[in-house]
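One structure is given below, encoded as structure tokens.
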Amino acid sequence: MRPRQWLLALGTLLAGRVLRRRGGASGDAGAGGATGSDGEQVSGTPERRAENVVLVLLGIAILFAAGFVATYAAFSARHIPNELLGICLGMALVFIGGALTVVAKYLVVNEEIEEDYPSEHPEDQREIAQMVRESGGRFTRKRLLIAAGTATGAALGAAAITPVLSLGPIWYTQPLDRTPWRRGVRLVDVDGRPLAASAIEQESFYTAFPEGADPENIGSPIIVIRVDPANLRLPRARATWAPQGILAYSKICTHAGCAVALYRKPTFPVVEPEPEFVCPCHYSTFDPFTGGTVTYGPAGRPLPQLPLMIDASGDLRAAGNFSGRVGPSWWNVREPPV
Amino acid sequence: MRRVSLVVVAVAVASLGGARIAAAQLPNGIVRPTTEPAAPSTQLGAELFAANCASCHGIDGSGISSPRPGASDIEGLGPALRGVGARAADFYLRTGYMPLSSPHKEPSSGRVLFSEKEIESLIAFVAALGKGPGIPHPDPAAGSIAQGLNAFTLHCAGCHQALARGGFVTGARVPPLQGVTATEIAEAVRIGPYLMPRFSTSQISNAELNSIIRYVLSTAHPDNAGGWGIGNLGPIPEGLVTWGIAAPLLIIGTLLVSRRARR
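This is the structure:
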């Protein structure tokens, strides 16, 4: 698996650097007495130990960040364990935070000068400047630490960017226009049983899917209702789309893509609101009688209607594809009202 | 200052007086025969129906489809009750949906205005208007909560929310379902009161209905996994609360970490 190889390479690189540094230090010790004893002293100092701790912490953070990418890569989009991703990212941040804390506490000099700044004595000023310059020198392996920091940042960045893949192909949008509905496709219920026209009652609503297609396809789910054909005010081109007053619309709201799961029907139509579909997310309201036109709410275009027909055995079948694009409105997916 | 307190006292006295008058009056405008029989009877139901329901539903229960004046200034307008059976009568009377003070009002569950004996009499009368479905006897113990959650999510949660806490549909309120009885749920599913669709046995079988009822009854005391319930509103407000608590904790942690440097 690729992430594992990356991880291995990174680990080898880091370990190699550490070993080489150690080797160089002992080599120096062999060459010259003064620098050698200096080097020995350096490796035993608290700074040296703090740096080792920082390197280990950053290494663990990199492992967790890599774990995030590996988790994302190992599971298919539908079964990604969110808790695992969360733990990986969270622990990566915790260990980076720990490393930064160690750096702040042990490696960054913080000394306070009690006296005022000697603004009139250039000699003293130079002395302070010298102190400040030297105070940065607590790091004994600056380049290694910078490399480790960069590697950690890169790993964390990779982990943060990985989920972008879930947004899918950016320019390849044709699949969004395709739906499983074609002339002759049978309507089935959630359990796959065909829907008979006689089973569709007034004052109720039914969710149906195309036979043999993926029910989770955005173009699959439809809402089916029966109304009195005398009340229909469909556009003329759709005169034959509602046999016996049975109507079918896409169940995906044209605003934000929620399931249009509310069918409001009056018990006593004389005083109560007219039958309409309502989306529970933002209350976009669609009129089934006039072809799914928006009567309220943020939706920008009508609910796509599916033409229906009744076959010889009385089952409902699609008589074609939807009247418009299925799914939420985005980019240029808009169309004039019916 | 003094004038203000005087006004407050006056308002308080007036509201007390109002309450006393309201208590002395008939609380709700229900008209009853001067002597009611000891046991429920269709005869008592007919009398109560004529006095309290006929303005809107017609004296013979055939409904009134164009407005006309009814008793005590009520606008008479209402659906026919022939053939709705004991099921609908039982539901609307026991939930307090009926009687309505105006046919344009949205029925809501509230105070039940008739006594138990009167309700039984009215149910018997409405049932006798025409052949109709009887009162259902669901058995929630026979259902499964898991199956009920599934079916509830499919058929009901769009309006009632996944935990049956109610909500809105454009033009009406959706009632929360905590504190309703199993029979009322079974009746509502089959009747489809007000703007709710009705569901036939081909859509929701009686076995499935038992599961739905068992699930809905369980939502009164949901099995919380821990943490703060926040009305079981869902992940977004819970996330906001997490941020509201987590963000200050992070700030405090940052301050503690950086304290030595600032000394």
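Chains A and B supply the protein sequences, listed in that same order. Counting from 1, position 235 in the first sequence corresponds to residue 235 in this note's numbering; the numbering is continuous, with no gaps. Counting from 1, position 151 in the second sequence corresponds to residue 489 in this note's numbering; the numbering is continuous, with no gaps. Where a beta carbon is used, it is the ideal one built from N, C-alpha and C, also for glycine.
| Item | Value |
| --- | --- |
| Length-filtered (4 minimum) alpha helix (DSSP H) runs lying within the region 467-513 of chain B | 483-493 and 495-498 |
| Assigned secondary structure, Tyr283(A) (DSSP; H/G/I helix, E/B strand, else coil) | coil |
| Contact under 8 Å by Cβ, Phe205(A) with Tyr263(A) | yes |
| Host beta strand (DSSP E) of Ser393(B) (start-end) | From DSSP, Ser393(B) is part of no beta strand (DSSP E) but of the alpha helix (DSSP H) over Ala392 to His395. |
| Cutoff 8 Å: Gln485(B) Cβ touching any chain A Cβ | no |
| Chain B contact for Ala197(A) (CB, 8 Å cutoff) | no |
| Contact set between His395(B) and chain A, taken where Cβ atoms lie within less than 8 Å | By Cβ distance, chain A contributes nothing, its closest Cβ being about 10 Å from His395(B), past 8 Å. |
| Cβ pair Pro307(A), Ala299(A) closer than 8 Å | no |
| Residue of Ile223(A), Arg186(A), Ala148(A) and Glu127(A) minimising C-alpha distance to Leu13(A) | Ala148(A) |
| CB contact check: Arg536(B) to chain A, cutoff 8 Å | yes |
| Pair within 8 Å by beta-carbon distance, Leu107(A) and Glu47(A) | yes |
| Where Ala65(A) falls: helix, strand or coil (DSSP) | helix |
| Run of the alpha helix (DSSP H) containing Arg528(B), from where it starts to where it stops | Ala520 to Ile529 |
| Coarse secondary structure for Ala361(B), derived from DSSP in three states | Residue placement at Ala361(B) cannot be trusted, given a pLDDT of 39 that sits under 50; what the coordinates show is reported in the next sentence. Looking at Ala361(B) - three-state DSSP - the assignment turns out to be helix. |
| Any chain B beta carbon closer than 8 Å to Ala29(A) | Reliability of the predicted coordinates at Ala29(A) is poor, the pLDDT of 39 falling under 50, and no value is obtained from them. |
| Among Val53(A), Glu114(A), Phe139(A) and Pro118(A), nearest to Gly97(A) - alpha-carbon criterion | Val53(A) |
| Burial state of Leu555(B), where buried means 16 or more other Cβ atoms lie within 10 Å | buried |
| Top-ranked residue by Cα proximity to Ala465(B), from Ala500(B), Ala418(B) and Gly505(B) | Ala418(B) |
| Chain A contact for Pro417(B) (CB, 8 Å cutoff) | yes |
| Cα-Cα separation, Cys281(A) to Trp330(A) | 17 Å |
| Ranges of the alpha helix (DSSP H) found wholly within the region 104-135 of chain A, counting only runs of at least 4 | 122-135 |
| Residues that Leu278(A) bridges to, as DSSP identifies them | Before going further, note that residue 278(A) is Val rather than Leu in the sequence given. Leu262(A) and Thr285(A), per the DSSP bridge assignment. |
| Spatial distance of Arg138(A) from Thr101(A) (CA atoms) | 15 Å |
| Exposed unless 16 or more other CB atoms sit within 10 angstroms - verdict on Met436(B) | buried |
| Proximal residues to Ile80(A) (C-beta, below 8 Å), its chain only, five neighbours per side dropped | Thr71 and Tyr72 |
| Distance between Gln541(B) and Asp191(A) (C-alpha atoms, nearest Å) | 11 Å |
| Chain B contact for Val109(A) (CB, 8 Å cutoff) | no |
| Under the three-state DSSP convention, the category Tyr296(A) falls into | strand |
| Chain A contacts made by the region 440-468 of chain B, where a contact means CB separation under 7 Å | Pro441 and His442 |
| Neighbour-count burial assignment, Trp181(A), 16 or more Cβ in a 10 Å radius | buried |
| Neighbour list for Ser400(B) in chain A, Cβ cutoff strictly below 7 Å | Those do not exist, as Ser400(B) stays about 13 Å from chain A at its closest Cβ, beyond 7 Å. |
| Short CB-CB distance (under 8 Å) between Arg264(A) and chain B | yes |
| Endpoints, alpha helix (DSSP H) assigned at Phe429(B) | Gly423 to Arg432 |
| Straight-line gap, Ile551(B) to Arg536(B) (C-alpha atoms, nearest Å) | 15 Å |
| Contact set between the region 515-536 of chain B and chain A, restricted to residues whose Cβ is under 9 Å from the partner | Ile529, Gly530, Pro531, Tyr532, Leu533, Met534, Pro535 and Arg536 |
| Test: Cys497(B) CB closer than 8 Å to a CB of chain A | yes |
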